[in-house]
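Take a look at the structure below.
There are 4 protein chains.
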Amino acid sequence: MIRAAIVGGTGYTGVELLRILVLHPDVDVTVVTSRSDAGQRVDAIYPSLRGLCNVDFTVPELDALAECEVVFFATPNGTAMLLAEQLLARNVKVIDLSADFRFKDDKEWSKWYGMEHACPDLISQAVYGLPEINRVAIKQTNLLACPGCYPTAVQLGFLPLIENKLIDFSHLIADVKSGVSGAGRKAQVSALMSETGESFKAYAVSGHRHLPEITQGLEGVANQSIGLIFVPHLTPMIRGIHATLYGRLNKSSDDINDVQTLFEQRYQNEQFVDVLPQGTHPDTRNVRGSNNCQIAIHQPQGSDTVVVLSVIDNLVKGAAGQAVQNMNLMFELDEKQGLTTVALYP
Amino acid sequence: MIRAAIVGGTGYTGVELLRILVLHPDVDVTVVTSRSDAGQRVDAIYPSLRGLCNVDFTVPELDALAECEVVFFATPNGTAMLLAEQLLARNVKVIDLSADFRFKDDKEWSKWYGMEHACPDLISQAVYGLPEINRVAIKQTNLLACPGCYPTAVQLGFLPLIENKLIDFSHLIADVKSGVSGAGRKAQVSALMSETGESFKAYAVSGHRHLPEITQGLEGVANQSIGLIFVPHLTPMIRGIHATLYGRLNKSSDDINDVQTLFEQRYQNEQFVDVLPQGTHPDTRNVRGSNNCQIAIHQPQGSDTVVVLSVIDNLVKGAAGQAVQNMNLMFELDEKQGLTTVALYP
Amino acid sequence: MIRAAIVGGTGYTGVELLRILVLHPDVDVTVVTSRSDAGQRVDAIYPSLRGLCNVDFTVPELDALAECEVVFFATPNGTAMLLAEQLLARNVKVIDLSADFRFKDDKEWSKWYGMEHACPDLISQAVYGLPEINRVAIKQTNLLACPGCYPTAVQLGFLPLIENKLIDFSHLIADVKSGVSGAGRKAQVSALMSETGESFKAYAVSGHRHLPEITQGLEGVANQSIGLIFVPHLTPMIRGIHATLYGRLNKSSDDINDVQTLFEQRYQNEQFVDVLPQGTHPDTRNVRGSNNCQIAIHQPQGSDTVVVLSVIDNLVKGAAGQAVQNMNLMFELDEKQGLTTVALYP
Amino acid sequence: MIRAAIVGGTGYTGVELLRILVLHPDVDVTVVTSRSDAGQRVDAIYPSLRGLCNVDFTVPELDALAECEVVFFATPNGTAMLLAEQLLARNVKVIDLSADFRFKDDKEWSKWYGMEHACPDLISQAVYGLPEINRVAIKQTNLLACPGCYPTAVQLGFLPLIENKLIDFSHLIADVKSGVSGAGRKAQVSALMSETGESFKAYAVSGHRHLPEITQGLEGVANQSIGLIFVPHLTPMIRGIHATLYGRLNKSSDDINDVQTLFEQRYQNEQFVDVLPQGTHPDTRNVRGSNNCQIAIHQPQGSDTVVVLSVIDNLVKGAAGQAVQNMNLMFELDEKQGLTTVALYP
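Quick note, the sequences are listed as chains S, E, C and W, same order.
Here the first sequence stands for residues 7 to 352, numbered as in this note's numbering.
Here the second sequence stands for residues 7 to 352, numbered as in this note's numbering.
Here the third sequence stands for residues 7 to 352, numbered as in this note's numbering.
Here the fourth sequence stands for residues 7 to 352, numbered as in this note's numbering.
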């Protein structure tokens with residue numbers, strides 16, 4: 007059994023890691039840290055875990071963490087970078103669900119995250135954990151940077167179009183809608199049910215931290231600069247991301263059937279990316295609680311614009327599920343281990 | 007007092023008309039028809055109206071309707087066109103909330119609505135009731151076609167950009183999100199709470215009936231053809247539409263401050279269109295239950311793409327409220343009469 | 007025009023007061039205080055009020071408040087009692103929406119609210135503002151204690167049964183369900199949408215602050231002690247309270263038809279209490295945004311237990327609407343002034 | 007592998023059976039019937055099952071069903087009773103999730119379900135599938151009647167109190183709240199999101215079909231008649247039942263600590279009933295998607311009334327999960343097989 011620790015076990019990505027890992031046949035979660043809840047049983051705070059999780063929250067301590075083979079950071083940005091180096095030095099694999107190691111450029115990171123990076127030298131070692139692009143590198147790294155939720159949905163939707171240079175790279179549009187669990191489990195007025203229920207809004211149109219992350223990812227594939235308009239929205243539900251992606255075909259003669267085939271071929275061996283039949287529209291509920299990404303392709307009214315619909319559960323494929331998928335790869339397990347669940351419908 | 011009838015009083019636009027009209031100081035709703043509920047008190051079906059509506063549902067009869075000065079059709083498509091001619095002949099003003107008189111071309115209408123138009127000769131008499139464009143004509147007509155909910159939010163958002171030819175007309179994108187009340191009050195699995203709650207999806211990407219309506223409206227303003235991609239989505243809330251609109255500025259040198267000023271000037275005398283300060287993001291709840299449209303303008307990252315956010319309540323400015331606004335104009339009342347309400351927050 | 011101030015204008019009861027008062031024909035809201043938002047326009051924080059509220063938030067200052075004829079306290083418990091005496095001394099009427107003046111016994115108050123009462127001498131002057139019981143006294147007071155939301159729904163439901171001694175006073179049960187806006191507009195994890203959405207729970211079963219308030223009210227009517235089990239629940243919606251009340255008829259021979267008649271007679275002159283036909287079930291949406299209480303009476307299976315269903319909007323009849331109703335009485339205005347609205351359905 | 011059929015695979019209990027059974031290691035679902043969707047792939051209707059269910063909907067045919075070892079009926083009431091006899095005759099085990107075999111008295115059944123029972127002779131063979139009461143009989147039967155959702159939550163909550171004769175049997179109260187999926191997946195206005203969202207109501211107070219089912223169950227345990235007031239409510243969420251149960255202790259001297267201990271002992275060997283620590287309040291989300299029932303006990307203010315809070319997921323422990331639990335028992339499998347999942351939080 008792989009001994010695993012979760013640092014920051016009281017946020018939604020932390021408890022979602024627990025939901026998955028307590029049933030993972032190869033993992034034993036032995037350490038779950040939380041400064042605020044230290045000393046309490048995990049299942050006292052999260053009664054959904056009663057009977058399946060016999061651990062107390064502890065304060066994070068290096069020695070305790072270093073006894074594990076893998077440490078997940080489900081912490082606010084700026085925490086993982088303070089501990090990663092010491093853990094790696096003690097041969098512990100680090101899987102960071104925060105943004106600390108997602109950027110290749112620490113100056114850019116500082117600009118968007120508002121702090122100095124604590125270990126810029128480590129950045130080059132980190133692998134960006136989108137298995138559909140980086141599977142080989144993921145298997146070989148000890149420092150894994152889990153992608154953000156929006157970046158996962160957007161990159162998987164654009165990927166085949168970018169790889170095949172089918173669309174105008176200078177004018178991509180990603181209109182993306184997220185459930186409110188993306189805002190995290192922290193006390194804030196803006197995420198109250200009275201504020202977010204029964205209402206819909208865009209936010210951060212002038213610039214969201216996931217914009218440079220998406221751009222970096224797509225540019226890595228395109229091998230050239232891309233121009234992306236990214237508009238995130240908050241939708242009155244708890245889980246789920248729906249990305250509606252727009253690109254202009256370079257050749258208006260391109261046939262949507264060919265694009266459909268292209269997507270199907272690109273993802274035919276991917277366990278967690280599912281290209282739907284043409285003409286369909288994925289609901290976010292199709293993937294609620296599961297690690298799947300469902301994608302559908304449209305070309306409305308025969309125009310030169312291709313519309314891609316891409317849905318994930320922000321807490322699973324957009325966070326904890328993808329982290330476990332990466333862990334499976336890093337430990338040479340079956341990539342689906344612990345992740346074969348059916349979405350909760352209705 | 008203006009005697010008013012509502013044909014089709016058991017749908018959401020019908021009951022919303024009642025919500026507004028029972029408090030309208032110049033209107034007396036004397037006839038409310040419903041084939042299914044005929045004989046019952048209106049407030050037995052809609053207890054929210056108890057004490058304010060002393061009318062029974064009746065089956066629609068021409069003579070009873072013709073005793074009114076205005077007849078609102080809150081019916082499924084294809085009903086108003088069967089009665090409009092006779093009512094007009096008896097000097098009754100007709101305000102149609104369905105789509106029967108929205109199109110200028112009855113062939114196009116038949117294509118999208120799947121039936122022959124019953125009175126194509128009347129179409130040219132009908133005025134499209136978007137007061138922000140057609141106020142003068144509205145005041146003079148007896149046959150008013152109320153705009154659809156999506157078309158209202160989208161046209162008001164694009165209008166100043168089109169009128170001033172600021173953007174590339176060939177590549178407009180409208181990514182629009184609607185609450186589920188837009189699906190109407192009819193028995194259908196797809197609108198059950200278990201189907202629509204806690205989930206988000208796009209639908210009708212290949213072509214929605216509101217697409218040609220929006221195109222017709224914008225082309226009327228542009229005096230040339232326009233190319234529009236329109237993607238409607240269903241969001242898990244009851245009321246509200248949020249349109250996220252994308253256009254490419256013809257001159258990338260155009261300053262967002264100028265665009266902001268342009269919007270403010272365009273709508274400065276409009277009672278129900280409110281341009282928000284730059285950098286803000288309207289929530290649909292800001293207009294829940296009110297006849298307002300709130301608009302904000304963005305130019306993300308200094309790109310050449312302008313992003314317009316436009317929100318309305320689909321049942322008010324997108325249907326019943328706009329119908330009453332049109333009625334006020336047609337009867338030379340204060341345009342705001344009966345419509346001065348505050349949105350319900352939270 | 008009555009000059010009114012709202013102390014604590016950024017909570018939900020404060021903004022709900024604004025929603026009602028900006029359209030009240032006899033009131034001019036001239037002061038709205040908020041320590042956190044002082045200096046900002048009210049409609050910058052609450053865009054639903056744009057065009058209707060031309061006031062800035064200020065810090066609370068006695069002199070500014072004393073220039074008003076009435077001051078509403080929409081503050082956390084423990085604030086109104088610090089200012090009430092000085093305001094009353096300057097001939098300002100005080101309407102307190104918090105709990106400071108609801109109890110007749112300051113020791114009991116201290117026990118439940120965890121602080122010393124700052125002005126126990128004032129308590130005897132305060133009138134408990136449930137107009138259906140205390141209308142005469144309300145008209146004569148300058149210090150009005152608005153009832154809590156749960157107590158309003160529960161007392162109105164039990165009142166005719168208690169007044170007529172129809173049920174066993176020693177074993178009343180109130181199983182009550184509230185929307186989440188009752189938790190207020192403050193940053194707290196427990197009221198996040200991710201915590202409260204799609205879930206239902208009871209809370210404070212061992213003792214909720216509204217229990218002694220209800221008991222005091224009912225005992226005042228009964229003229230004897232009563233035994234009440236009060237179980238509050240949180241339901242995943244924003245507005246609304248539904249009280250399900252259980253009492254055992256003293257004479258099992260009592261006929262439900264007589265009970266129905268009794269309720270109808272008791273409330274026949276009440277503007278805001280509406281007894282529904284027998285056999286019906288009020289939805290909370292029937293009163294969403296309105297000041298009404300709707301009540302239905304049942305006697306299941308001919309048993310000796312009467313079941314009363316009582317619904318209100320917790321922010322209107324349960325808070326701000328009732329406060330305005332009381333203000334109307336205190337200023338000898340029509341009791342319905344500013345409160346004639348239709349609930350928002352759907 | 008056990009070959010299983012699901013008759014009525016397009017309702018919520020049917021698709022929930024599929025969600026569980028496609029991952030059950032000992033079961034192979036070979037037949038899924040639906041008259042309306044026959045000929046289509048199951049995962050075309052339910053995309054959440056893509057990759058896990060390679061079956062088409064078929065029309066129900068006896069021969070095809072009889073090739074299975076077990077047939078689940080997830081049908082409307084009145085269907086299972088038409089096929090059960092023939093299936094039993096061919097040595098197929100029948101697990102009925104509808105109400106057809108829940109009552110011991112076919113006259114009573116006819117009264118509540120409005121039709122003649124098609125096979126009253128079979129009723130005595132049927133075992134009521136609440137394992138916590140009937141485990142031994144369940145293991146031996148071939149005809150299993152799955153309990154209703156409300157009856158499961160209510161009986162498990164009252165059981166220890168009844169078995170130990172702690173409360174007054176003549177005056178039990180069950181105030182129960184259900185999510186809307188309990189209304190099923192059929193086209194009906196009353197279950198639209200616009201009708202059920204953001205609102206709360208009681209229904210069927212005069213008598214709900216689950217009342218006699220609960221009474222029969224509790225009387226079987228009590229060995230005497232009981233008097234129960236059962237008030238069901240609809241709460242604006244999809245899944246979950248919360249029962250709030252009230253009983254008067256026969257000896258007011260009874261200590262809540264003893265009652266707590268009693269519950270813990272009663273359920274200590276039950277895999278799916280979890281007694282929470284004293285003073286806690288279970289959220290329905292604690293069991294969303296899982297087969298657990300969580301129970302908490304309270305004695306408010308030291309009164310002689312015990313309050314039991316009992317939560318389940320209506321589609322799992324209240325339907326499909328309990329059906330699989332029963333199947334496991336009937337086939338001598340581990341009772342938890344296929345049911346070890348963690349509730350979806352948030």
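C-beta atoms are modelled at their ideal positions from N, C-alpha and C, and glycine is treated no differently.
Nothing here was measured: the structure is a model prediction, and the numbers come from that model.
Residue 220 (chain W) has its alpha-carbon roughly 16 Å from the corresponding atom of residue 117 (chain W). Taking 9 Å as the threshold, the shortest C-beta distance from residue 98 (chain C) to chain E does not fall below it. Close to chain W, meaning a Cβ-Cβ distance shorter than 7 Å, are the following residues of the stretch 176-188 of chain E: 186 and 187. When secondary structure is reduced to three states using DSSP, residue 145 (chain W) falls in the helix class. For residue 295 (chain E), the nearest CB of chain C lies under 9 Å from its own CB, placing it at the interface with that chain. In this structure, the alpha-carbon of residue 216 (chain C) lies about 11 Å from that of residue 180 (chain C).
Residue 300 (chain C) is bridged by DSSP to C:280 and C:317.
Classified as buried, residue 302 (chain S) has 16 or more neighbouring CB atoms from the shown chains inside 10 Å of its CB.
Within its own chain, the residues whose Cβ lies closer than 6 Å to the Cβ of residue 203 (chain C), once the five positions on either side in sequence are excluded, are 242, listed in chain order. The C-beta separation of residue 329 (chain C) from residue 94 (chain C) comes to about 17 Å, leaving the pair out of contact by the 8 Å criterion. If the five residues before and after residue 290 (chain W) are omitted, its C-beta is found closer than 6 Å to the C-beta atoms of 246, 248 and 317, all from its own chain and listed in chain order. In the displayed model, residue 183 (chain C) falls within a strand according to three-state DSSP. Looking at the DSSP output, residue 253 (chain S) bridges to S:312. Residues of chain W with a Cβ closer than 7 Å to the Cβ of residue 200 (chain E) are, in chain order, 18, 186, 187, 191 and 244. Residue-level contact by beta carbon fails for residue 138 (chain W) and chain S, as no gap is shorter than 9 Å.
Contact fails between the stretch 271-278 of chain S and the stretch 128-135 of chain S, because fewer than three Cβ pairs, one in each stretch, are under 8 Å apart. The alpha-carbon of residue 222 (chain S) is positioned some 12 Å away from that of residue 158 (chain S). For residue 240 (chain C), DSSP records a beta bridge to C:184 and C:207.
Counting other Cβ atoms within 10 Å of its Cβ, residue 263 (chain S) stays below 16 and is therefore classed as exposed. The stretch 20-28 of chain C makes no contact with the stretch 58-72 of chain E; the number of CB pairs closer than 8 Å stays below 3. For residue 126 (chain C), the closest alpha carbon among the candidates C:91, C:143 and C:46 is that of C:91. As the crow flies, the alpha-carbon of residue 30 (chain E) is around 33 Å from that of residue 191 (chain C).
Looking only at C:251, C:282 and C:269, the smallest Cα-Cα distance to residue 314 (chain C) is reached by C:251. Counting the other CB atoms within 10 Å of its CB gives residue 113 (chain C) a total below 16, which places it among the exposed residues. Here residue 230 (chain S) has 175 as same chain residues with Cβ atoms under 8 Å from its own Cβ, once five neighbours each way along the sequence are excluded. If you draw a straight line from the Cα of residue 186 (chain C) to the Cα of residue 199 (chain S), it is about 7 Å long. With fewer than 16 other CB atoms across the displayed protein chains lying within 10 angstroms of its CB, residue 193 (chain W) is exposed.
Per DSSP, residue 33 (chain C) is not a residue of any alpha helix (DSSP H); the beta strand (DSSP E) it occupies stretches across 33-39. Residue-level contact check: residue 195 (chain E) touches chain W, since one or more beta carbons of chain W fall below 9 Å from its beta carbon. Within the same chain, and ignoring the five residues on either side of residue 36 (chain E) in sequence, the residues whose Cβ sits closer than 8 Å to its Cβ are 9, 10, 11, 61, 73 and 74. Against chain C, the CB of residue 52 (chain E) has a partner CB under 9 Å away; the residue lies at that interface. Close to residue 204 (chain C), with beta-carbon spacing below 7 Å, are these residues of chain S in chain order: 244. DSSP places residue 160 (chain C) inside the alpha helix (DSSP H), whose first and last residues are 155-169. Within the stretch 277-308 of chain W, the residues whose Cβ lies closer than 7 Å to any Cβ of chain C are, in chain order, 285, 287, 288, 289, 290, 291, 304, 306 and 307.
By the beta-carbon neighbour count (other beta carbons within 10 angstroms, threshold 16), residue 146 (chain E) is exposed.
In chain order, 83 place their CB closer than 6 Å to the CB of residue 105 (chain C), counting only its own chain and leaving out the 5 sequence neighbours on each side.
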